């Protein structure tokens, strides 16, 4: 018989999460945000390249 999870087992995260939103500027000077997936990819690449520049290697992926 399946049971519903106890309310005491449910975790609620109330801490704010820092998120970077990358944007691009069109020819008219208007800024447009990239999608969340694109922003995430840019951040991953940025951290990876930063780690390589400072000799952190695989530590940049953690």
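In the numbering used here, the protein residues as written are 2 to 63.
Don't be surprised by glycine CBs; every beta carbon is placed ideally from N, CA and C.
Keep in mind it's a predicted model, so treat the numbers as computed, not measured.
Original post:
Is the beta carbon of residue 44 less than 8 Å from the beta carbon of residue 33?
Top reply: no
Subject >> Same chain, Cβ closer than 8 Å to residue 39, five either side skipped, listed in chain order >> reply: 23
Subject >> Nearest candidate by alpha-carbon position, reference residue 36, set 47, 20 and 16 >> reply: 20
Original post:
What's the C-alpha gap between residue 31 and residue 18?
Top reply: 27 Å
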